[in-house]
Amino acid sequence: MDNIYTVTFPDIGEGVVEGEIIEWLKQEGENVNQDEPVVVVMTDKTTVELPAPHPGKIVKHYYDVGQVAIKDKPLYEIELSVKIEKTKANDEKVVSKDHTVKQTRIPKDCGIGIKALPSTRKKAQELQIDLTHVQGTGKGGRITDEDLILHKSSAVPFMEEGDQVIPHKGIKGLMAKKMAESKRHIPHFSFFEQVDAERLMKLRETFKLEGEKLNLEVTYMPFLIKALSLTIKKFPEINSSYDEPNQQLILHHRHNIGFAVSTEYGLIVPVLKDVQNLSLNDLIAKYCELKIQALHNKLQTDDLKGATITLSNFGVVSKGGGLWATPVINFPEVAILAAARIQKQPVIKNDTVVVKSILNLSWSFDHRVIDGETAAYCSHYFAQVIENPAVLLN
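Numbering-wise (my numbering), the sequence shown opens with residue 147 and increments by one.
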């Protein structure tokens, strides 16, 4: 009897637990080769093509275009054209051809990371309530039946005739869930710092001229990323994750720094791996490579995994851009830094008002891990690196 291989939705990015089906490249009944793309999926990080793990014929799609696939749940089935060796890892995936698998329905809320009793979850499904939008008032933030009733009575948005309804799907919809998850789990607090960036500007100008010879656009971001890595060496707790169930802190030895890139597909966060081992020249080259791939939607799934801390730059906005921000931490990280655009500002030096090029820094920290004193010392150290950027060359 021919075998049916059930392909599940894989882990395709740090913290990604679901993805929207954008396009089926292989329809039911069509043949597919090993490693040939089958489906296009959009997550809150990027849009990716998922290849077939084995050759055969596509016999079943578990999701229609526009539906949201859940990590580790069945995605599609292949009627295998070759025999594969059965192992413990795939015993559960290979089933008899005449075995009927019930069509998976997408629940309103997948319930990941949410504290609620099974009875409460069932009631939420009956009431068609997304638990990610409910504030729990029970012990430890647990959602209760009373919370559902209160949410139901107040959750209906006001609409008038002529108002436009825009579905919140794809990257924006998934980003909304991820940000809500972060604010629900992490007690944020912010810290602000102003930095004299005159020397940094001169150093960057030197590298910019060299970069033009190599067709590289050298921005300030690689310098800030390098400075953040040096700060991590001094304050390793900002490069950690908090394991709440076990009440322990996990210090990450690798400096995997995510950086936000605004693309036509939405905001995505590539990850520069092992920054602590990169020279400034290597860091600039790798940063430019990842940024270009992000802008052209060419990132690999591994480029989006493993971030231990994030750096955002709202200074890229050419007009305005703001002065300060209160960035939302990328859960389960414990810190994020947002840099503004370097601007001329009046400052007092030796009782005299002078004009300086100032960089505004906006931090957010997980208050379970970072206290106010540590935040202040950490930010001050980062500022010292920026004001004395020669240390970035070491």
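Ideal placement from N, C-alpha and C gives every residue a C-beta, glycine not left out. Quick caveat, the model's predicted, so the values are computed rather than measured.
Rounded C-alpha distance that separates residue i from residue j
i	j	result
Q530	K269	54 Å
E383	L397	6 Å
N540	I430	15 Å
N443	E479	25 Å
K379	E533	18 Å
L483	E225	49 Å
L273	Q393	34 Å
P156	K323	19 Å
E223	L445	26 Å
A609	K372	An answer regarding residue 609 cannot be provided, because it is not within the stretch 147 to 540 covered by the chain.
N149	E174	16 Å
L263	Q281	14 Å
R350	P201	50 Å
M367	M321	23 Å
L346	L441	26 Å
E344	K502	7 Å
D420	K432	11 Å
V462	K298	40 Å
F528	H401	15 Å
G319	Q310	17 Å
H279	Q271	13 Å
T154	V228	19 Å
T498	Q439	47 Å
K359	G468	33 Å
E339	R487	13 Å
T447	G518	36 Å
E292	K203	49 Å
T283	A215	30 Å
P391	F381	24 Å
G308	E410	28 Å
C434	D389	33 Å
M121	W170	One cannot answer for residue 121 here, as it falls past the ends of the chain, which runs 147 to 540.
H207	L538	51 Å
V241	A481	With a pLDDT of 37 at V241, under the threshold of 50, the modelled position of that residue is not reliable, and the figure given next carries that caveat. Each residue's Cα considered, the two are about 45 Å apart.
Residue i vs residue j beta-carbon contact at 8 Å
i	j	result
K217	V184	no
I403	L374	yes
S386	L376	no
V205	E195	no
I289	K315	no
L370	A471	no
V415	K437	no
P220	T152	yes
A453	V500	no
L450	T192	yes
T266	L296	no
S525	F337	yes
E182	P197	yes
G412	I275	no
V189	I230	It should be noted that the sequence gives Thr, not Val, for residue 189. Contact flag unset, no.
Classification of residue i by the beta-carbon crowding that lies within 10 angstroms, buried from 16 upward
i	result
D428	exposed
Y523	exposed
T246	Because T246 sits at a pLDDT of 31, beneath the cut-off of 50, its placement in the model cannot be relied upon, and the following sentence gives the value as read from the coordinates. Exposed, since its Cβ has fewer than 16 Cβ neighbours within 10 Å.
T352	exposed
A521	buried
M305	exposed
K495	exposed
K285	exposed
V178	buried
K172	buried
V341	buried
G287	exposed
I312	exposed
V364	buried
G357	buried
L277	buried
H399	exposed
A235	With a pLDDT of only 44 at A235, under 50, the local geometry of the prediction cannot be trusted, and no value is derived from it.
beta-carbon residue i near the ligand MN non-hydrogen atom, thresh 7 Å
i	result
T409	Summarising the ligand content, the structure contains no ligands, and the ligand MN is consequently not present.
Segment contact, 8 Å Cβ cut-off, at least three pairs: the region 316–336 with the region 509–519: Verdict: yes, contact present.
Are at least three pairs of beta-carbons, each pair with one atom in the region 423–433 and one in the region 441–458, less than 8 Å apart? Contact fails: fewer than three Cβ-Cβ distances are below 8 Å.
In chain order, each beta strand (DSSP E) run of at least 3 residues that lies wholly inside the region 315–347: Scanning the region 315–347 from its first residue to its last, the whole beta strand (DSSP E) runs of 3-plus residues come out as 334–342.
With three or more C-beta pairs closer than 8 Å as the rule, is the region 207–215 touching the region 165–185? The region 207–215 and the region 165–185 touch, with three or more beta-carbon pairs separated by less than 8 Å.
Touching or not, the region 502–511 and the region 476–494, by the rule of three or more beta carbon pairs under 8 Å? Per the Cβ contact rule, the region 502–511 is in contact with the region 476–494 (3 or more Cβ pairs under 8 Å).
Tell me whether the region 310–330 and the region 472–491 touch, counting them as touching only if at least three CB pairs, one residue from each stretch, are closer than 8 Å. By the Cβ criterion, the region 310–330 is in contact with the region 472–491, since at least three pairs of Cβ atoms, one from each stretch, lie closer than 8 Å.
Of all the beta strand (DSSP E) runs that stay within the bounds of the region 362–423, which reach a length of 3 or more residues? Fully enclosed beta strand (DSSP E) runs of 3 or longer: 386–389, 394–397, 403–405, 407–409, 412–414.
Suppose only complete runs of 3+ residues qualify. What are the beta strand (DSSP E) ranges in the region 444–513, listed by chain order? Fully enclosed beta strand (DSSP E) runs of 3 or longer: 455–459, 481–485, 489–495, 498–512.
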